[in-house]
Amino acid sequence: MPAAAAARTTAPLDELTLRRAQRGDERAWRDLVTRYQQPIHALVWRLLAGRARHRVEDLVQETFVRVLRALPAFDPAGPASLSTWMLTIATRLALNDLRRPEHGAIEVEPEATDRTDDPAERRRLGAAIATGVAALPDAQRAVLVLREYHDLDYQEIADVLELDLGTVKSRLARARTALRDHLVTAMPELGGRS
Amino acid sequence: MTKDDDLLAAYDLSAWDAPPPPTGLVDAVIERARQPAPVAALDSGERFAARGTRRWWIAGGAAGVAIVVILVGVWGVQRPPKDGQGEVSTQAARTLAIGPTTAALDPGTTVRWRRDKRRISVAQPHGTAMWSVAAEDTLVIDAGAMVASVEASGASLRVEVEMVNASDARAIGISAATAVAVALVTIVVYEGTVRVRHDGQTVNVVPGAHYEVRPPNAPEPVVVGGGPSDARIRELEDKIKQLEAERDAPRDATTCDEVACVLTNYDGACCAKFKAAAPPGSNLPDVLAADKIREGIREREAGVQACPREGYAGSVTVTFRIAASGKVAVDDTRVSGSPASIPDNLAACIAAEVNAAVFPATKRGVTSKVTYALAGPKRDCDADALRAKGDDHLQTGMDAAALAAFEGSMRCKADPSLYKRAFLAACRSKNTPKARLYYTRLPAADQGALGAMCVRNGISVGDPPASCDATALTEKGDEHLQNGMDASALAAFEASLACTPDPMVARKAFMAACRSKNVTKARRFYATLPANQRSTLAQLCIRNGILLDEPTSAGGVIKIASTPPAQIYIDGVDTGKTTPATVQATAGNHKITLSVRGDKFTYAVRVKEGETVTFRKDLQ
Chain A
1073 MPAAAAARTT APLDELTLRR AQRGDERAWR DLVTRYQQPI HALVWRLLAG RARHRVEDLV
1133 QETFVRVLRA LPAFDPAGPA SLSTWMLTIA TRLALNDLRR PEHGAIEVEP EATDRTDDPA
1193 ERRRLGAAIA TGVAALPDAQ RAVLVLREYH DLDYQEIADV LELDLGTVKS RLARARTALR
1253 DHLVTAMPEL GGRS
Chain B
7 MTKDDDLLAA YDLSAWDAPP PPTGLVDAVI ERARQPAPVA ALDSGERFAA RGTRRWWIAG
67 GAAGVAIVVI LVGVWGVQRP PKDGQGEVST QAARTLAIGP TTAALDPGTT VRWRRDKRRI
127 SVAQPHGTAM WSVAAEDTLV IDAGAMVASV EASGASLRVE VEMVNASDAR AIGISAATAV
187 AVALVTIVVY EGTVRVRHDG QTVNVVPGAH YEVRPPNAPE PVVVGGGPSD ARIRELEDKI
247 KQLEAERDAP RDATTCDEVA CVLTNYDGAC CAKFKAAAPP GSNLPDVLAA DKIREGIRER
307 EAGVQACPRE GYAGSVTVTF RIAASGKVAV DDTRVSGSPA SIPDNLAACI AAEVNAAVFP
367 ATKRGVTSKV TYALAGPKRD CDADALRAKG DDHLQTGMDA AALAAFEGSM RCKADPSLYK
427 RAFLAACRSK NTPKARLYYT RLPAADQGAL GAMCVRNGIS VGDPPASCDA TALTEKGDEH
487 LQNGMDASAL AAFEASLACT PDPMVARKAF MAACRSKNVT KARRFYATLP ANQRSTLAQL
547 CIRNGILLDE PTSAGGVIKI ASTPPAQIYI DGVDTGKTTP ATVQATAGNH KITLSVRGDK
607 FTYAVRVKEG ETVTFRKDLQ
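Pasting the structure below:
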């Protein structure tokens, strides 16, 4: 499991709550959204890599609305887990949004979080990663984020993005190389350790 | 690790942490989700068709836009969707859109609809639909051939319609002549107010409430004849709850029936007459047959062969005792090697595999012995190369191949450090037995964190005896059963039985296994049922298309042959068999349907207890 994703695993929704949610039970809907709001929000936030926050919020809401409306047709015994299925919907919505021409190039807002307990070097690293990831092409960024931050394996990424396994591997390799090159420049003192 | 994975190893990517979700997100999502879709939803087929014509529409360009603008101007936004009608029978779950009103249809649902301006008339003869009725529409559902009608506007409701077949109709006291016209209807309202007309009365059902429509003049259920349908099973479950609630109350000795007594473990004085009929377990075999032992052991052989050899090569003999319950008496298992003594870890691994075997219950336990041949490593066995290969596979997401490589490496050379890798590969490839096997070999300090990885993949590992709560697990199973989550119910009941053996829970597990069509588990639990309950409870499985191995005490055998070979249905249930075949059936009248290339031929046959009926047809 990628180090960045190690602490981010979300316990799966129990089957009973899922079944209730599929029946339209509002309490189960709330449980579902509450449980998955963090990873979905984090995914969209990273895929948009610095877009205005209201766009992120819109897309996260849209993701969950679509999830809840499509939930009765979701097959828990199917090939995708619930979380992967939701990540798929969120990823596609985010990528569609990124294709909208009115947005133009991404204007990077490099600050990562408002946390003040991070040491200065960590904050710098976070900002450098944000800038480096934002500079990646959308397709490479999606592969990198899904792998490094959401612990999807190669096949799951291929399914989410509807790509060949080989394409996933090559895009991931290119994304990692580009990000590494960026970080070596931005954080030379860390790059020397690799 | 592959070269690519090392590229970013020097950087802590978690430093780029996402902010928390905005407050109020949940409320905003729920509010939006409750609103009707802004654009009339198309079903999947219509979407596909729409996508295919997109270029044509683009080519239409400004002319098309102008036409739309004119139409909007002329007709206005209040114009109702176009009138029309249609019929849908679903094999899989799908969405039906009738203008702004939509329905999520479960598999096996039939809906016929007609829109006339704002009024949508729907016939839902059977199946389950989740209706979302737009505020401007009025939906009238005729459920079950005049049994009930439902009227809703601006509401969200679930309508379940189950037809009562002939045998069930007899069971609830309705003549076969009228059985085709009755249905059990359940309406659950989530939003808005829904009016239900039934039997000359109108009832307003409010959000959060549900309403059930039973066939007219139906008496309390009494089991006679054929096995129960799902609806009957639910009624029986309700009966169980009622009986449990009344467990401590004195009861009239004439009010209980055999099924209720079976499912309440003969609780109460009125059940005594049934309990005395035959002592539980009297129909169990004395000892376990050799083929049953082989069958149980064979299931564990793969696990035994996967045990790390630690350089050992030779034969291993395991002596073990199978208790009457069918479980292996763990403390009595002995493992010995030949020609050399077997390493402790290998012996423990093999013993654990054998102890996990499960056999049918018997009156008496039996001691048995099995010998495994464990081959030594191949001459060209390269543990390091296999380990590196496994690492590569793991990094490229080929988790099953990674597991095989790690196990190959461990067979070459004992290496406890590979347990973590093997565990990870097993979790990611969703190999539950292997995940559990390697979990037990992880250092205790690592089990917590690594176990969570498996949970993410839907695999529960570890053995939590300290928190084992049989009652809670049983209650969870009951709830799953009521919600139709039969496989989950079975898992919960099995977990409960692992905590505390309980014949009552075993019966529920059998019911869950039948309903979830888990043939293996159904047969396993069937073997544990007391003899005097089998004939009644076996009906559950037969109705679900599961034919149990052993003939029931109230059944016989039908040998069926045909020319040409045909698919066999018994009482409308696909047996999964093709002629020639032998099937078991309860005593009484049955319908045999033979299906050849879509043509079906139905015949009546009478089965007498303990007898074999030979049935042959020329269908050419």
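Chains A and B, in that order, give the protein sequences.
Read in order, the letters of the first sequence correspond to residues 1073 to 1266 in my numbering.
Read in order, the letters of the second sequence correspond to residues 7 to 626 in my numbering.
We put the beta carbon where it would ideally sit given N, CA and C, even for glycine.
Return yes when the Cβ of residue j is within less than 8 Å of the Cβ of residue i, no when it is not.
i	j	result
Ala-357 of chain B	Glu-305 of chain B	no
Leu-31 of chain B	Val-1132 of chain A	yes
Gln-1212 of chain A	Arg-1171 of chain A	no
Ala-431 of chain B	Gly-396 of chain B	yes
Leu-479 of chain B	Thr-368 of chain B	no
Glu-1098 of chain A	Met-491 of chain B	no
Val-219 of chain B	Phe-1136 of chain A	no
Ala-158 of chain B	Gly-198 of chain B	yes
Ser-155 of chain B	Asp-148 of chain B	yes
Phe-621 of chain B	Lys-583 of chain B	no
Ala-501 of chain B	Phe-531 of chain B	no
Pro-366 of chain B	Leu-294 of chain B	yes
Val-191 of chain B	Val-211 of chain B	no
Trp-119 of chain B	Gln-97 of chain B	no
Please report the distance separating the alpha-carbon of residue i from that of residue j.
i	j	result
Pro-449 of chain B	Gly-594 of chain B	59 Å
Thr-599 of chain B	Asp-605 of chain B	10 Å
Val-324 of chain B	Gln-311 of chain B	13 Å
Leu-1224 of chain A	Thr-1156 of chain A	8 Å
Pro-25 of chain B	Ala-1230 of chain A	27 Å
Asp-508 of chain B	Leu-535 of chain B	11 Å
Pro-285 of chain B	Gln-539 of chain B	Since pLDDT at Pro-285 of chain B reaches only 46, below the 50 mark, its modelled position is unreliable, and no value is offered.
Leu-380 of chain B	Asp-338 of chain B	22 Å
Gly-562 of chain B	Thr-592 of chain B	6 Å
His-1222 of chain A	Val-1215 of chain A	10 Å
Glu-1183 of chain A	Ala-1202 of chain A	Caution is warranted here: a pLDDT of 46 is assigned to Glu-1183 of chain A, below 50, making its placement in the model unreliable, and the coordinate value is therefore given only provisionally. Those two C-alpha atoms are separated by around 8 Å.
Ser-331 of chain B	Pro-586 of chain B	36 Å
Leu-102 of chain B	Thr-108 of chain B	6 Å
Gly-1264 of chain A	Thr-1257 of chain A	In this predicted model, Gly-1264 of chain A has a pLDDT of only 47, less than 50, meaning its place in the structure is not dependable; the value taken from the coordinates is given anyway. Using only the alpha carbons, I get a separation of about 10 Å.
Thr-1249 of chain A	Glu-1228 of chain A	22 Å
Val-334 of chain B	Glu-481 of chain B	27 Å
Val-78 of chain B	Thr-144 of chain B	The predicted position of Val-78 of chain B is uncertain, since its pLDDT is 35 and thus under 50; no value can be drawn from it.
Gly-503 of chain B	Gly-371 of chain B	Here residue 503 of chain B is Leu; the residue named in the question, Gly, does not match the sequence. The straight-line gap from Cα to Cα measures roughly 19 Å.
Gly-233 of chain B	Gly-302 of chain B	The pLDDT assigned to Gly-233 of chain B is 38, lower than 50, so where the model puts this residue is not dependable, and the model offers no usable value.
Leu-443 of chain B	Val-376 of chain B	20 Å
Ala-1245 of chain A	Gly-1238 of chain A	11 Å
His-216 of chain B	Ser-601 of chain B	40 Å
His-1254 of chain A	Ala-21 of chain B	15 Å
Ala-2 of chain B	Ser-374 of chain B	The displayed coordinates of chain B run from 7 to 626. Any statement about residue 2 of chain B would go beyond what the structure contains.
Ala-308 of chain B	Arg-315 of chain B	14 Å
Return the first residue and the last residue of the alpha helix (DSSP H) that residue i is part of.
i	result
Phe-412 of chain B	405-418
Arg-529 of chain B	525-532
Trp-1101 of chain A	1098-1120
Ile-36 of chain B	31-40
Met-510 of chain B	509-521
Go to residue i, then tell me how far its beta strand (DSSP E) extends in each direction, as first and last residue.
i	result
His-1254 of chain A	Unbroken run through His-1254 of chain A is the alpha helix (DSSP H), 1237-1258; no beta strand (DSSP E).
Thr-377 of chain B	372-380
Gln-91 of chain B	90-95
Arg-118 of chain B	116-122
Glu-218 of chain B	216-219
With DSSP as the reference, identify every bridge partner of residue i, one or two as the case may be.
i	result
Gln-573 of chain B	B:Thr-584, B:Ser-601
Phe-429 of chain B	For Phe-429 of chain B, which the question treats as bridged, DSSP gives no partner whatsoever.
Asp-624 of chain B	B:Thr-569
Ser-342 of chain B	B:Thr-323
Gly-2 of chain B	What the structure shows of chain B is the stretch from 7 to 626, and residue 2 of chain B is not part of that stretch, so it cannot be assessed.
Arg-201 of chain B	B:Glu-157, B:Asn-210
Thr-101 of chain B	B:Ala-110
Thr-608 of chain B	B:Thr-599
Lys-333 of chain B	B:Val-364
Leu-163 of chain B	B:Trp-137, B:Val-195
Val-579 of chain B	B:Ile-576
Val-619 of chain B	B:Ile-564
Arg-125 of chain B	B:Asp-122, B:Thr-144
Does the Cβ of residue i lie closer than 7 Å to at least one heavy atom of the ligand ZN?
i	result
Ala-1162 of chain A	With respect to small molecules bound, the structure shown includes none, and the ligand ZN cannot be examined in it.
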